[in-house]
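Visitor:
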Amino acid sequence: MPSADKIAALRGMRDVFSAEYARQRQVQERLERHLRLHGYQPIDLPILENTELYLRKSGEDIAARLYQFDYRSRRVALRPELTASILRAYVEHMQDEPLPLRIQYSGPVFRYEKPQQNRYRQFTLSGAELLGAKGPRADAEIINLACGGLERLGIRDYQLVIGHSDVLESFLQALGLRKQLVNFLLRNMENLRKRGIDAVIASLREIYPEFESATTATSASADGEHTQSQRLINLLREMTDDEAHQAITDFLHSLNIRIDANREQGEVVERLLQKIREDQQGPKLRVALEFMRRLGELAGEPTAALRQAQALAADFKLDGAALDALGRTLDCLAEYGDISGDIELDFGLNRGLHYYTGLIFELHCTLETGEAIQICGGGRYDNLVSILGGGEAMPALGFAYGIERLASVLETAKGAAPEAGTVCVIPVAEGDFASAFAAAKDLRARGITTEVSIEGRNLSRSLRQADRRGARLVIIIGEAERADQSALLRDMRSRQEQPILQAELAETVEELLSADG
RNA sequence: GUGGGCGUAGCUCAAUGGCAGAGCACCUGAUUGUGGUUCAGGCGGUUGAGGGUUCGAGCCCCUUCGUCCACCCCA
Numbered sequence: 000m001p002s003a004d005k006i007a008a009l010r011g012m013r014d015v016f017s018a019e020y021a022r023q024r025q026v027q028e029r030l031e032r033h034l035r036l037h038g039y040q041p042i043d044l045p046i047l048e049n050t051e052l053y054l055r056k057s058g059e060d061i062a063a064r065l066y067q068f069d070y071r072s073r074r075v076a077l078r079p080e081l082t083a084s085i086l087r088a089y090v091e092h093m094q095d096e097p098l099p100l101r102i103q104y105s106g107p108v109f110r111y112e113k114p115q116q117n118r119y120r121q122f123t124l125s126g127a128e129l130l131g132a133k134g135p136r137a138d139a140e141i142i143n144l145a146c147g148g149l150e151r152l153g154i155r156d157y158q159l160v161i162g163h164s165d166v167l168e169s170f171l172q173a174l175g176l177r178k179q180l181v182n183f184l185l186r187n188m189e190n191l192r193k194r195g196i197d198a199v200i201a202s203l204r205e206i207y208p209e210f211e212s213a214t215t216a217t218s219a220s221a222d223g224e225h226t227q228s229q230r231l232i233n234l235l236r237e238m239t240d241d242e243a244h245q246a247i248t249d250f251l252h253s254l255n256i257r258i259d260a261n262r263e264q265g266e267v268v269e270r271l272l273q274k275i276r277e278d279q280q281g282p283k284l285r286v287a288l289e290f291m292r293r294l295g296e297l298a299g300e301p302t303a304a305l306r307q308a309q310a311l312a313a314d315f316k317l318d319g320a321a322l323d324a325l326g327r328t329l330d331c332l333a334e335y336g337d338i339s340g341d342i343e344l345d346f347g348l349n350r351g352l353h354y355y356t357g358l359i360f361e362l363h364c365t366l367e368t369g370e371a372i373q374i375c376g377g378g379r380y381d382n383l384v385s386i387l388g389g390g391e392a393m394p395a396l397g398f399a400y401g402i403e404r405l406a407s408v409l410e411t412a413k414g415a416a417p418e419a420g421t422v423c424v425i426p427v428a429e430g431d432f433a434s435a436f437a438a439a440k441d442l443r444a445r446g447i448t449t450e451v452s453i454e455g456r457n458l459s460r461s462l463r464q465a466d467r468r469g470a471r472l473v474i475i476i477g478e479a480e481r482a483d484q485s486a487l488l489r490d491m492r493s494r495q496e497q498p499i500l501q502a503e504l505a506e507t508v509e510e511l512l513s514a515d516g
């Protein structure tokens, strides 16, 4: 028979086999129990959602990695995470529940990224969300819960990294930077830390050429301060976006100027306005970058890092509310007294999902290769409910573990092989299958894993197969047994066998197996 | 998106430019009702695809597809 081209699994998708499968399930089950013991109720959510759910606030990089498509004129997407779905479900069905609400979930998610070691396009997230709770107590509960799950799995050697997105974001906003620019900077904290300010500016120019003038070191228009157009520009700068927009539109109208019909008038005005405002972004941008550089250096032991951050905040005349809250969270966390991993503060920490509004944290483990691997991420997202159309804003936070990664961390520690067929029933001839199936049924009813050999090989081969597949006991039913409704029960370890009435088979097998322990 | 590695039997992989091989798996027999071993044999290939160089290409060159890994980012 001519064989057609082989169909392989899609890139980034994985087949999970016996030992690894068992390990992943075990991890999932233990975590579910752990979270349940803390009052987090499991719920199940759709894998397919309206694409819009992920576009509202997840951030561009998530959007770019979405598996999304049109299906019968609807935009749908495979979920890249579950927090958005949880909140969607909350807004849709759970707004009358008493708060705080504790929920857990587990299931596959999809992200179209380049696959590599410990990174796949489909993977499993298990997580918890604490809805309707604010303040350091709630923050500490979630962190402690996330760490507790690791301990529950026997992982005591891990690193907890805590950050706070408000410290940087509120500073950038207070500076009066354009929103686009703020978002860009938030995304590039890591970049700045690794490659320096120049690299960030270069990348800014590449992505947003309209900020070109803001990124050049010297301002060319310094001596144009008193020209009439400059006065007009200064006036516009003092207005809000809406006011300025209206002013320009009215101005053009009053002069009876018509704008090229190919372009939306509003768009032209918008661009003009943007151009006018960029010029003043330069100095602010430099202050922002300097602040980021210094903030990014603050990482390490919590008390010291926090003190340095407070000093930095004072230097830049920043109110330290976020830092105080962080300090209280750390105090609350200490009260639990069961964090056995290393704790580190990192003010440069910033996560890919852009809906975080306060606390953010990650858990890392070390693989046997010595390589660090992130196995959990989470944080606070107080405005996500209102973004998703909830009646009123609600404080909320949560975290999620990457199950495959957790399992790979445990792989080194303990690799319990899954049990294969415990009992194998071998019918010798065609006429013996009915009896064999009946015997197997009895055994399974008692919870004993049983396979029936259906290959139709001779007895020698069948026994060999049963043995190689790890059978503990073999039941042979053939011509000799047929007459008196018996079966031959063979112990594969002791190589001893005894005839047993088929009616008594299940009970005898159960006794033998329980004697094994 | 950037940079590497690898595509050879069902699977894992060998093969200084010179007869395409091994292990595992599968099948048969030694053994027609007694297993992990052993032995004998068998099945199995357009060397990812297409083009080029050469007397000769699995090997060198170009193109393309697939895949793994690193950077980026993340779980």
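Sequential numbering from 0 applies to the first sequence in numbering that gives the first Met the number 0. For glycine and all other residues, C-beta sits at the position ideal for the given N, C-alpha and C.
1) Using the Cβ count rule (16 or more neighbours within 10 Å means buried), how would you classify E480?
2) Assuming A465 and V473 make a contact with CB atoms under 8 angstroms, what is their CB distance in whole Å?
3) Given Q121, which residues of its chain have a CB within under 6 angstroms of its CB, disregarding the five upstream and five downstream residues?
4) Which runs of the alpha helix (DSSP H), 4 residues or longer, sit entirely within the region 298 to 386?
5) So, at 6 angstroms on beta carbons, what are the nonlocal neighbours of D138 in its own chain, with the 5 sequence-adjacent residues on each side left out?
6) Alpha carbon to alpha carbon, what distance is there between L34 and M188?
7) Determine the closest residue to E51 out of R29, R32, V75 and Y39, with distance taken between C-alpha atoms.
8) Helix, strand or coil: how does DSSP classify R177 here?
9) Which term fits Q245, buried or exposed, when burial requires 16 or more other beta carbons within 10 angstroms of its beta carbon?
10) What are the boundary residues of the alpha helix (DSSP H) that F432 is part of?
11) Going by Cα to Cα distance, which pick from D490, Q501 and R186 is closest to L511?
12) Between the region 419 to 438 and the region 382 to 401, can you find at least three pairs of beta-carbon atoms closer than 8 angstroms?
13) What is the DSSP secondary structure of S493, counted as helix, strand or coil?
14) How big is the Cα-Cα spacing for G223 and D95?
15) Between D381, G477, Q309 and H163, which has its C-alpha nearest A433's C-alpha?
16) Does the region 333 to 351 touch the region 282 to 297, meaning 3 or more C-beta pairs lie closer than 8 angstroms?
17) Is the beta carbon of L366 sitting closer than 8 angstroms to the one on V408?
18) Mind checking F170: buried by the 16 CB within 10 Å criterion, or exposed?
19) Would you mind stating whether L524 and I374 have Cβ atoms separated by less than 8 angstroms?
20) How do the region 87 to 94 and the region 61 to 73 stand: do at least 3 beta-carbon pairs fall below 8 angstroms, yes or no?
21) Comparing alpha-carbon positions, which option in A444, A514 and A435 lies nearest R471?
22) Measure the Cβ-Cβ separation of A298 and A304 and say whether it is below 8 angstroms.
23) Since I425 sits in a beta bridge, which residues does DSSP pair it with?
24) Nearest to E266 by alpha carbon, out of L284, I247, S253 and E410?
25) Distance, Cα to Cα, D14 vs A8?
26) Assign T82 to one of three DSSP states: helix, strand, or coil.
27) Where does the unbroken beta strand (DSSP E) through Y104 begin, and where does it stop?
28) Beta-carbon within less than 8 angstroms of R10's beta-carbon, same chain only, minus the 5 sequence neighbours each way: which residues are those?
29) Can you check DSSP and say which residues form a bridge with G397?
30) Taking the straight line between their C-alpha atoms, what separation do you get for A505 and T448?
31) Look at A127 and L149 and say whether their C-beta atoms are less than 8 angstroms apart.
32) For H252, which three-state DSSP category applies?
33) Just mark F16 as buried or exposed, buried being the case when its beta carbon has 16 or more other beta carbons within 10 Å.
34) According to the neighbour-count rule (16 or more other Cβ atoms, all chains shown, within 10 Å of its Cβ), is T82 buried or exposed?
35) Assuming Q172 contacts V181 under a Cβ cut-off of 8 angstroms, what Cβ separation, rounded to an integer in Å, is found between them?
36) Taking the alpha-carbon positions, what's the G162 to A399 distance?
Guide: According to the structure shown:
1) Position 481 of the first sequence, counted from the first residue, corresponds to residue 480. Flag for E480 reads buried.
2) Taking the first residue of the first sequence as position 1, residue 465 is located at position 466. Taking the first residue of the first sequence as position 1, residue 473 is located at position 474. With a Cβ gap of about 5 angstroms, A465 and V473 count as contacting.
3) Locating residue 121 in the first sequence gives position 122, where the first residue counts as 1. Excluding residues within five positions, the ones whose Cβ falls inside 6 angstroms are M12, P107 and F109.
4) 301 to 314, 320 to 335 and 383 to 386
5) Taking the first sequence and counting its residues from 1, the one referred to as residue 138 is at position 139. Contacts found: T328 and L358.
6) One-based indexing of the first sequence puts residue 188 at position 189. One-based indexing of the first sequence puts residue 34 at position 35. Taking the straight line joining both Cα atoms gives about 33 angstroms.
7) Within the first sequence, the letter at position 52 stands for residue 51. For the residues R29, R32, V75 and Y39, the minimum Cα distance to E51 belongs to V75.
8) Stepping through the first sequence from its first residue, residue 177 is reached at position 178. DSSP places R177 in coil when its eight states are reduced to three.
9) Sequence index remark: in the first sequence, residue 245 carries index 246 (1-based). Q245 is exposed by the Cβ-count criterion.
10) As a first step, residue 432 is located in the first sequence; it is residue number 433 there, counting from the start. F432 to A444 is the span of the alpha helix (DSSP H), which, as asked, contains F432.
11) Taking the first residue of the first sequence as 1, we reach residue 511 at position 512. The residue with the shortest Cα to Cα distance from L511 is D490.
12) no
13) Here the question's residue 493 lines up with position 494 in the first sequence. S493: coil per DSSP, three-state reduction.
14) Taking the first sequence and counting its residues from 1, one reaches residue 223 at position 224. Taking the first sequence and counting its residues from 1, one reaches residue 95 at position 96. Reliability fails at G223, whose pLDDT of 45 lies under 50, so the model's placement of it is uncertain and the value that follows must be treated cautiously. In a straight line, the C-alpha of G223 is about 60 angstroms away from that of D95.
15) Walking along the first sequence from the start, residue 433 turns up at place 434. Nearest option by C-alpha distance: G477.
16) yes
17) Numbered from 1 along the first sequence, position 367 holds the residue referred to as residue 366. Numbered from 1 along the first sequence, position 409 holds the residue referred to as residue 408. A contact, by the Cβ cut-off of 8 angstroms.
18) For the purposes of this step, residue 170 is identified with residue 171 of the first sequence, where counting begins at 1. Looking at its Cβ environment, which holds 16 or more other Cβ atoms inside 10 Å, F170 is buried.
19) Outside the displayed span of the chain (0 to 516) sits residue 524, for which this structure offers no information.
20) no
21) Locating residue 471 in the first sequence gives position 472, counting from the first residue. It is A514.
22) Translated into positions along the first sequence, residue 298 becomes position 299. Translated into positions along the first sequence, residue 304 becomes position 305. It is a contact, given that the beta carbons lie within the stated cut-off.
23) Your numbering for residue 425 matches position 426 in the first sequence. Note: I425 sits in a beta bridge opposite I475.
24) Taking the first residue of the first sequence as position 1, residue 266 is located at position 267. Nearest C-alpha to E266: I247.
25) For this step, residue 14 is matched to residue 15 along the first sequence. For this step, residue 8 is matched to residue 9 along the first sequence. Using only the alpha carbons, I get a separation of about 8 angstroms.
26) For this step, residue 82 is matched to residue 83 along the first sequence. Helix, per DSSP.
27) Translated into positions along the first sequence, residue 104 becomes position 105. Here the beta strand (DSSP E) through Y104 covers L100 to F109.
28) Sequence index remark: in the first sequence, residue 10 carries index 11 (1-based). These residues qualify, in order along the chain: P114 and R120.
29) As a working note, residue 397 is residue 398 in the first sequence. Paired residues: E128 and G378.
30) Translated into positions along the first sequence, residue 505 becomes position 506. Translated into positions along the first sequence, residue 448 becomes position 449. Approximately 12 angstroms between the Cα atoms of the pair.
31) Residue mapping note: residue 127 aligns to position 128 of the first sequence, counting from 1. Residue mapping note: residue 149 aligns to position 150 of the first sequence, counting from 1. Not a contact, by the Cβ cut-off of 8 angstroms.
32) Looking up residue 252 in the first sequence gives position 253. DSSP places H252 in the helix class (H, G or I) of the three-state scheme.
33) Taking the first residue of the first sequence as 1, we reach residue 16 at position 17. F16 is exposed by the Cβ-count criterion.
34) Here the question's residue 82 lines up with position 83 in the first sequence. Burial call: buried.
35) As a first step, residue 172 is located in the first sequence; it is residue number 173 there, counting from the start. As a first step, residue 181 is located in the first sequence; it is residue number 182 there, counting from the start. Their Cβ separation, rounded to whole angstroms, is 6 angstroms, which keeps Q172 and V181 in contact under 8 angstroms.
36) The count along the first sequence starts at 1 and reaches residue 162 at position 163. The count along the first sequence starts at 1 and reaches residue 399 at position 400. Cα to Cα, G162 sits roughly 16 angstroms from A399.
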